[in-house]
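Here is the structure we will look at.
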Amino acid sequence: MPTNRSWVLAHRPNGMVQETDFELRESAIPKPEAGEILVRTIYCSLDPAMRGWIVDRPSYVPPVRIGEVMRAGGCGEVVKSNNPGFVPGDLVTGMTGWQEYCLSDGSGLMAMRRLAPGTDLRASMGVFSGAGMSAYFGLLDLGQPKAGETVVVSGAAGAVGSVAGQIAKIKGCRTVGIAGSDEKCAWLVDELGFDAAINYKTENVAVRLHETCPDGIDVYFDNVGGPILDMVLAQIRMKARIVLCGGISAYNAEVPPPGPANLMMLVGMRARMEGFIIIDYIPRFPEAGEEMGRWMAEGRLKARDTIVEGIEKAPRALQMLFEGANTGKLLLQVGAEPAG
Ligand SMILES: NC(=O)c1ccc[n+]([C@@H]2O[C@H](COP(=O)([O-])OP(=O)(O)OC[C@H]3O[C@@H](n4cnc5c(N)ncnc54)[C@H](OP(=O)(O)O)[C@@H]3O)[C@@H](O)[C@H]2O)c1
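Heads up: the sequence shown is residues 131 to 470, going by our numbering.
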């Protein structure tokens with residue numbers, strides 16, 4: 131009898147998220163009721179934000195409850211449908227959760243959106259997912275880069291950062307990436323066309339920022355927060371824009387670290403620092419998808435992903451984000467892609 135394996139939240143993490151914070155359960159494959167579809171999960175997205183979803187505090191989404199299947203974006207194939215909007219074989223994307231099969235009635239957090247037949251599922255989970263969209267709207271709407279300006283991106287070899295840096299190059303900016311290994315830095319410069327890259331684990335970031343951005347920093351796309359944000363603040367130019375996309379350096383901290391010491395640079399430099407949550411941009415995803423699709427077809431925007439295979443590895447894969455073990459988008463492959 132085929133079964134459904136799923137990971138539920140066992141208890142709330144304390145410090146670095148652990149495999150033991152979750153429990154792997156095996157149950158019968160659920161049967162769709164009237165109006166529901168049964169989806170076989172193919173890929174799950176691993177997102178740093180998931181660390182925040184398992185903490186019980188006010189946020190933009192309710193926390194995952196203890197005993198609830200771990201929330202995760204994903205994509206899959208409809209295997210049974212009692213909903214007139216879907217037929218078996220449809221490719222769909224939505225909140226599949228960490229499970230091999232999920233039910234959706236097409237509403238709320240579990241709403242599923244149909245993907246065009248033949249969609250590149252990995253790209254749909256990377257450049258064309260919330261990650262790529264965050265790079266696009268965060269950089270262009272909030273960062274407003276102009277040709278000739280200097281853009282610095284942290285977490286630059288990750289899903290969001292690698293796309294944000296490439297878009298900055300497309301817009302004619304001098305672009306400097308900050309990442310956690312020499313291999314990642316070489317990828318940014320040699321393959322993605324960044325002007326320079328800084329390995330924050332082995333180099334003096336403040337010194338290297340000064341060397342690579344001699345006229346100062348116009349736009350900072352921040353994925354990490356912490357000391358790197360502070361060092362960038364010290365080197366911003368007049369009217370700089372700082373885009374707060376995320377702050378992964380503190381996601382596993384039990385107590386939030388103190389804010390940046392150089393905050394007053396915003397005053398002297400008449401600069402702006404602004405955060406965003408990508409779900410506010412969902413109605414505008416099609417315009418971004420169209421433009422990024424064109425850039426990809428022209429070879430100006432490149433995508434990369436790191437795949438971890440097997441539902442049993444889900445918690446371990448989540449930890450990999452905090453260890454920097456991914457380059458580009460980190461995905462969990464839960465099931466096979468449809469043949470053909
Ligand atoms: N605002 C929004 O709506 C929105 C939407 C999506 C994502 N985000 C945010 O965007 C950021 C990137 O997300 P992503 O999905 O693209 O993840 P990602 O960058 O693909 O993966 C996370 C990367 O963060 C780096 N990292 C881990 N711990 C770090 C630390 N202590 N200091 C500095 N870097 C560290 C690692 O790379 P290294 O090897 O370079 O350390 C790791 O590969 C996250 O902060 C996420 O929360 C925000």
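Using N, Cα and C, we set each Cβ at its ideal position, and we do this for glycine too.
Have a look at residue i and residue j and give me their C-alpha separation to the nearest angstrom.
i: Gly454; j: Ile407; result: 22 Å
i: Val293; j: Ala327; result: 15 Å
i: Met395; j: Thr342; result: 20 Å
i: Gly398; j: Met368; result: 8 Å
i: Val199; j: Arg402; result: 39 Å
i: Ala469; j: Gly248; result: 11 Å
i: Leu541; j: Ala253; result: Because residue 541 is not part of the residues shown, which for the chain are 131 to 470, the question remains open.
i: Thr171; j: Trp137; result: 13 Å
i: Asn425; j: Met131; result: At residue 425 the sequence reads Trp, which differs from the Asn that was named. Cα to Cα, Trp425 sits roughly 46 Å from Met131.
i: Met255; j: Gly295; result: 19 Å
i: Glu79; j: Asp320; result: Coverage of the chain is limited to positions 131 through 470, which leaves residue 79 absent and any answer about it impossible.
i: Pro416; j: Arg243; result: 13 Å
i: Ser211; j: Ile167; result: 4 Å
i: Ile297; j: Ala164; result: 44 Å
i: Glu467; j: Tyr173; result: 9 Å
i: Asn134; j: Met180; result: 22 Å
i: Thr436; j: Glu313; result: 14 Å
i: Gly268; j: Pro160; result: 39 Å
Below 8 Å on the Cβ atoms is my guess for residue i versus residue j; work out the distance and round it to an integer in Å.
i: Gly310; j: Lys331; result: 5 Å
i: Leu139; j: Gly182; result: Not quite, the Cβ-Cβ distance comes to about 13 Å (not below 8 Å), so this is no contact.
i: Val194; j: Arg201; result: 5 Å
i: Asn382; j: Gly145; result: 6 Å
i: Leu154; j: Glu439; result: The pair is not a contact, with the Cβ atoms about 15 Å apart (cut-off 8 Å).
i: Ser284; j: Val354; result: 4 Å
i: Ala289; j: Ala261; result: 4 Å
i: Leu176; j: Leu462; result: 6 Å
i: Phe216; j: Val281; result: Between Val281 and Phe216 the Cβ distance is about 42 Å, and since that is not below 8 Å, they are no contact.
i: Ala336; j: Gly356; result: With a Cβ gap of about 13 Å, Ala336 and Gly356 do not count as contacting.
Tell me, which residues are paired with residue i by DSSP?
i: Arg135; result: Glu156
i: Gly308; result: Here the sequence assigns Ile to residue 308, which means Gly is not the residue at that position. According to DSSP, which records beta bridges pairwise, Ile308 is partnered with Ser284 and Ile328.
i: Thr171; result: Gly206
i: Phe351; result: Val283 and Val373
i: Gln463; result: Tyr173 and Glu439
i: Gly458; result: Gly288
i: Ile300; result: Its beta-bridge partners do not exist; DSSP assigns none.
i: Ile366; result: Ile347
What do you reckon, is the C-beta of residue i under 6 Å from a heavy atom of ligand 1?
i: Ile297; result: no
i: Ala309; result: yes
i: Asn212; result: no
i: Asn456; result: yes
i: Ala246; result: no
i: Ile184; result: no
i: Pro357; result: no
i: Val191; result: no
i: Lys379; result: Looking at the sequence provided, one finds Ser at residue 379 rather than Lys. Yes, Cβ of Ser379 sits closer than 6 Å to a heavy atom of ligand 1.
i: Ala261; result: yes
i: Phe415; result: no
i: Ala278; result: As written in the sequence, residue 278 is Gly, which differs from the Ala given in the question. Every heavy atom of ligand 1 is 6 Å or more from the Cβ of Gly278, so no.
i: Asn353; result: yes
i: Ser136; result: no
i: Leu251; result: no
(request) Counting only runs of 3+ residues fully inside the segment 200 to 285, write out the beta strand (DSSP E) ranges in chain order. (result) With a minimum length of 3 residues, the unbroken runs of beta strand (DSSP E) contained wholly in the segment 200 to 285 fall at 204 to 211, 221 to 224, 231 to 234, 242 to 245 and 280 to 284.
(request) Let me know the alpha helix (DSSP H) ranges lying completely inside the segment 371 to 416, each 4 residues or longer, listed in chain order. (result) 395 to 398
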